[in-house]
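Enquirer: Letter by letter, the sequence shown follows residues 1257 to 1634 of the numbering used here. We put the CB at the ideal spot given by N, CA and C, even for glycine.
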Amino acid sequence: MVSSFLVLLVSLLSTGSTYRLSAEQNLELQETCGRMRGSFTSGEIDVSRKFVEGNRASTLEFPWAASVNVEGILTASVISPRHILLFNIIEMDPSNGTLSIFDDIALTQKAECDVNDLLLPEEVNKYIEVDFVAKQSAVASPQVAKVIVLDGCVKIDTFKPMILELAEDLQFDENHRAICLSDSEDNWNTTEEFSVFGLGPRGKSLSTAKFAPKECSRKDSLESYVECAKPLNESQGLCAGDFGGGAVAEINERDVLLGVYAEGNVQCKTDPRKHREPEFINIGHFKDSICRQTGICVDVQAFSTTTTTTTVESSKKFTEEGSGDSEETDSFDSEESITAETYERMKIKESSGSSAEDFSAHVKNIHIHIRLDDEQDV
């Protein structure tokens, strides 16, 4: 007797469907992320040439490194063929609630809230250019389709992850890959050292330096998910252009993104020993929000192929306070999409960290198992 499970995914979103990886795509991503680096010789990494930011790095060493051009070059990380991760660049004028990019480009269209996450209007997309640091010849730069600030409706500041959703998939190959995401906040402090990569003040050369976790000197004024680090070599540091770069550690033979560089030194010509302490966003803290918005779920069972998930997101207007206290609207324009797929049962290894129950705090799950038997008419 052959049986399978019919999986129905129904999503209602107030601003149109956000692209999410399917369960099958996510499973493939979790199996391949952070694994395959391009092979390189010692001659391709000039370890003798020192930058303020660190050692010269080969792009083959960081195949997930991305550059984001918004009024200047920022560093970012490729986390799926459709998604780029960096820090929040949106600011809000507290006097009138107006949003802007770097307090420079004012936005005229309204943003909306999806639970706690801020969905930015389409006008933002045209100001953002993104690509792999190792540009692919004869491949056009991808277009940004949607910008999401996680927890941006709770509070807007630099210490929120920003996700750039692309209009089309990036082309992955041996030298262009996605990095794995941290599955726990604890990974930051249990890692002895990690590499931080960035493009530096000129935005032309990728560099890297080794760091170790340390307690933040201003921890009393920071959220719990803000982390700090110190360079292992005091002559190295971070600077403008490195913002958005990833703190990467090897965990279980995978390269894992522990954090995103969000605040720190901007005086690139000063002695690194006098630099402001670098501050990072702990990505493990936001893993469930990333899963819900993108389908990139490090806890694979939170997005199981054997369950039916019905997600209805409340439409909230973004207010000056930017909090979850915004009014929920009873009716809104929505686009309903129903996708039916069949999969054979698959055995998925349970990962560490939060369970599917933790994830369900923001998503209402309805489990529907429809048995399809060859010997029985349905």
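CA-CA distance, V1389 and H1432?
Expert: Approximately 9 Å between the Cα atoms of the pair.
Enquirer: If you drop the 5 nearest sequence neighbours on each side, which residues of the same chain put their C-beta closer than 8 Å to that of I1384?
Expert: Taken in chain order, the residues that qualify are V1324, N1325, V1326, V1400, V1403, L1420.
Enquirer: Confirm, please, whether the CB-CB distance from C1409 to N1372 is below 7 Å.
Expert: Contact flag set, yes.
Enquirer: According to the Cβ coordinates, are F1343 and V1516 closer than 7 Å?
Expert: For F1343 and V1516, yes; Cβs fall inside 7 Å.
Enquirer: Can you name the start and end residues of the alpha helix (DSSP H) that A1465 belongs to?
Expert: Premise fails: A1465 lies in the beta strand (DSSP E), 1463 to 1470, not in any alpha helix (DSSP H).
Enquirer: Alpha carbon to alpha carbon, how far is Q1286 from E1347?
Expert: If you take the alpha carbons of Q1286 and E1347, they lie about 33 Å apart.
Enquirer: Using the rule of at least 16 other Cβ atoms within 10 Å of the residue's Cβ for burial, across every protein chain shown, is P1469 buried or exposed?
Expert: Classification for P1469: buried.
Enquirer: Can you tell which of C1369, E1368, R1338, K1382 has the C-alpha that lies nearest to the C-alpha of I1357?
Expert: Of the listed residues, the one whose Cα sits closest to I1357 is K1382.
Enquirer: How far does the beta strand (DSSP E) with N1521 in it reach, from first residue to last?
Expert: Careful: N1521 lies outside any beta strand (DSSP E) and carries neither H nor E.
Enquirer: Contact defined as beta carbons within less than 8 Å: I believe F1453 pairs with T1331. What is the distance between those atoms, to the nearest angstrom?
Expert: Their Cβ separation, rounded to whole angstroms, is 7 Å, which keeps F1453 and T1331 in contact under 8 Å.
Enquirer: Cα separation between C1484 and T1447?
Expert: Each residue's alpha carbon lies about 13 Å from the other.
Enquirer: Who are the Cβ neighbours of D1407 in its own chain at under 6 Å, not counting the five residues just before and after it?
Expert: The answer, listed in chain order, is N1372, K1416.
Enquirer: For C1436 and G1328, I'd like the C-alpha separation in whole angstroms.
Expert: Taking the straight line joining both Cα atoms gives about 27 Å.
Enquirer: Helix, strand or coil: which one does DSSP assign to S1593?
Expert: Residue confidence is low: S1593 scores 39 on pLDDT, short of 50, so the model does not pin down where it sits. Its coordinate-derived value is still stated next. S1593: strand per DSSP, three-state reduction.
Enquirer: Beta-carbon within less than 7 Å of E1490's beta-carbon, same chain only, minus the 5 sequence neighbours each way: which residues are those?
Expert: Result list for E1490: P1528, R1529, in chain order.
Enquirer: Starting from the Cα of N1445, find the closest Cα among A1362, A1503, E1430 and give me that residue.
Expert: The residue with the shortest Cα to Cα distance from N1445 is A1503.
Enquirer: Judging by CA-CA distance, which residue of Y1481, L1455, K1466 is the nearest neighbour of C1472?
Expert: C1472 has its Cα closest to that of Y1481, out of Y1481, L1455, K1466.
Enquirer: State buried or exposed for T1274, treating a residue as buried only when at least 16 other CB atoms are found within 10 Å of its CB.
Expert: T1274 should be labelled buried.
Enquirer: Select from E1379, K1543, I1340, A1434 the residue whose C-alpha is nearest the C-alpha of E1284.
Expert: Nearest of E1379, K1543, I1340, A1434 to E1284, Cα basis: A1434.
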